[in-house]
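Q: Sharing a structure below in structure tokens format, with a few things to ask.
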Amino acid sequence: MSGSLDDGGRLIRPYSLTRGRTRPSRSDFAMTSQVVAVPRMAPPTDLEPEHHAILEACAAPASVAELASRTGLPLGVLRILLSDLLDAGHVMVHESQWQRRRPDVHTLRTVLDRIRAL
Amino acid sequence: MSERVGAVPDALKILVAGGFGAGKTTLVSALSEVESLHTEEVMTAESVGVDDLDGVETKTTTTVALDFGRITLDEHTVIYMFGTPGQQRFSFMWEELAEGALGAIVLADTRRLEDCFDTIDFFEQREVPFVVAVNCFDGVRTHMPADVRIALDVDPNVPVMLCDARERESVKRVMIELVSHVLELELSGAG
């Protein structure tokens, strides 16, 4: 499975996937937050296909933005489904330490060196 | 609280702003290690700020596309470059993207410099450091950076430079200029 939900997915209204919810139960999912699926022996059985597509897409750590790109889900919808997965313990999320503040001088210097070396 | 995950890189955000057709997606693709990624957000009537829904019952949502790229610097740090939609009505997305952003590249198209005005206002108000890159994609240097600086009325310390958004090395120079600028601001205590 490619993880894309594009095939015919647009025939239904985006928020029907979230049973009408337009806000996630939590606000951990910044665009650049890294999400990774919690490894399981067998895939959980109580989830919707979209949840499974997300879990597949974050088997290795991926940003929320990348997950939106890979699954084809609109960001708002993705965030709600990610909240479901987080609440149920199926994913872990890592918010960048630079999510809410600009990087410090040390980090900026490192970034500069790394970009020069690209 | 978030559960913490070990060995996951910290993300940095760089915004690429500019009017429609200024070359944002091209610039992001020039340096991204993956093909430019694409996501969209559904704007509901609420997020658009529409208070009069008369006549729009058939369509209360529309989608906003957001292109972005990724540059992995090392195992600790990854940069995401977001090509942000220029129109005012998408500002709800900008607020999130601007928070904690390392800085921004304002990509100027000299044929439509006025497209940058709102963007520059936005970054100035939120104290997001930025550089102005004049995209010379047609190879015509009709404007010199000094003229563009005057036309855009940006602070004297804001770097204004020419670039070719298609060329990796050119985009790299813009990025270096931006990070150097942010570093100088931080060191001078103005950040």
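So the protein lines, in turn, are chains A and B.
Quick note: the first sequence uses my numbering, first residue 1, plus one each step.
Quick note: the second sequence uses my numbering, first residue 1, plus one each step.
Glycine residues also receive a C-beta, built at the ideal position from the N, C-alpha and C atoms.
(1) Decide if the segment 17 to 34 of chain B is in contact with the segment 76 to 84 of chain B; the criterion is three or more beta carbon pairs, one per stretch, under 8 Å apart.
(2) Leaving out five residues on either side along the sequence, give the residues of the same chain with a beta carbon under 6 Å from the beta carbon of residue 159/B.
(3) So what does DSSP say about residue 109/B, is it helix, strand or coil?
(4) Between the alpha carbons of residue 124/A and residue 83/A, how many angstroms are there, rounded?
(5) Can you pull the DSSP bridge partners for residue 151/B?
(6) What are the residues of the segment 168 to 182 of chain B that lie near chain A, defined by any Cβ-Cβ distance shorter than 8 Å?
(7) Assuming residue 41/B contacts residue 30/A under a Cβ cut-off of 8 Å, what Cβ separation, rounded to an integer in Å, is found between them?
(8) Measure from the alpha carbon of residue 204/B to the alpha carbon of each residue in 102/B, 152/B, 129/B and 148/B, then state which is nearest.
(9) Applying the criterion that 16 or more other CB atoms from any shown protein chain within 10 Å of the CB defines a buried residue, is residue 72/B buried or exposed?
(10) Between residue 116/A and chain B, is the shortest Cβ-Cβ distance under 8 Å, so that the two count as touching?
(11) In the DSSP assignment, find the alpha helix (DSSP H) that holds residue 175/B and state where it starts and stops.
(12) Roughly how many angstroms separate the alpha carbons of residue 136/B and residue 20/A, rounded to a whole number?
(13) Classify residue 70/B as buried or exposed, calling it buried when 16 or more other Cβ atoms lie within 10 Å of its own Cβ.
(14) Going along the segment 25 to 53 of chain A in order, which residues come within less than 8 Å of chain B, judged by CB to CB distance?
(15) So that I know if they touch, is there some Cβ in chain B lying closer than 8 Å to that of residue 82/A?
(16) Are the C-beta of residue 11/B and some C-beta of chain A separated by less than 8 Å?
(17) To be precise: take each residue of the segment 77 to 111 of chain A, compare its Cβ to all Cβ atoms of chain B, and keep it if any distance is under 9 Å. Which residues remain?
(18) Pick helix, strand or coil for residue 22/A, following the three-state DSSP scheme.
(19) In chain A, what lies closer than 7 Å to residue 68/B by C-beta?
(20) For residue 4/B, which three-state DSSP category applies?
(21) Interface residues of chain A around residue 107/B at Cβ under 7 Å?
(22) Using a Cβ cut-off of 8 Å, pull out every chain A residue sitting near residue 97/B, in sequence order please.
(23) Whose C-alpha, out of 88/A, 104/A, 51/A and 116/A, is nearest the C-alpha of residue 189/B?
(24) Reducing DSSP to helix, strand and coil, say where residue 65/A ends up.
(25) When DSSP labels each residue in this structure, what does residue 116/A get in the three-state scheme?
(26) At the level of alpha carbons, what is the spacing between residue 65/B and residue 69/A?
(27) Taking the alpha carbon of residue 106/B as the point to measure from, which residue in 185/B, 10/B, 184/B and 171/B has its own alpha carbon closest?
(28) Is it the case that the Cβ atoms of residue 102/B and residue 102/A are separated by a distance below 8 Å?
(29) Measure the C-alpha to C-alpha separation of residue 123/A and residue 173/B and round it to an integer number of angstroms.
(30) For residue 93/A, report the span of its alpha helix (DSSP H) as first-last.
(31) Comparing C-alpha positions only, which one of 73/A, 94/A, 88/A and 65/A sits nearest to residue 46/A?
A: Quick answer:
(1) Three or more Cβ pairs drawn from the segment 17 to 34 of chain B and the segment 76 to 84 of chain B lie within less than 8 Å of each other, which places the two stretches in contact.
(2) 131, 177 and 181
(3) coil
(4) Given that chain A is displayed from residue 1 to residue 118, the structure contains no residue 124/A and the question cannot be resolved.
(5) DSSP, once it has assigned bridges, lists no residue as partnering residue 151/B.
(6) 172, 175, 176, 179, 180 and 182
(7) Not really, about 14 Å apart at Cβ, beyond 8 Å.
(8) There is no way to answer for residue 204/B, as the model of chain B reaches only from 1 to 191.
(9) exposed
(10) yes
(11) Unbroken alpha helix (DSSP H) run through residue 175/B: 168 to 187.
(12) 46 Å
(13) buried
(14) Answer in chain order: 28, 30, 31, 32, 33, 34 and 36.
(15) no
(16) yes
(17) 77, 78, 86, 89, 91, 92, 93, 94, 95, 96, 97, 98, 99, 100, 101, 102, 103, 104, 105, 107, 108, 109, 110 and 111
(18) Note: residue 22/A maps to coil in three-state DSSP.
(19) 65
(20) For residue 4/B, the predicted structure reports a pLDDT of 43, less than 50, and the residue's modelled location is therefore unreliable. The matter cannot be settled from this model.
(21) Near residue 107/B there are no residues of chain A at all, since even the closest Cβ is about 18 Å away, more than 7 Å.
(22) 31
(23) Distances from the alpha-carbon of residue 189/B to those of 88/A, 104/A, 51/A and 116/A put 104/A closest.
(24) helix
(25) Correct three-state label for residue 116/A: helix.
(26) 10 Å
(27) By alpha-carbon distance to residue 106/B, the top candidate from 185/B, 10/B, 184/B and 171/B is 171/B.
(28) yes
(29) For residue 123/A there is no data in the structure shown, the boundaries of chain A being 1 and 118.
(30) Residue 93/A -> not in any alpha helix (DSSP H); beta strand (DSSP E) instead, spanning 91 to 94.
(31) 88/A
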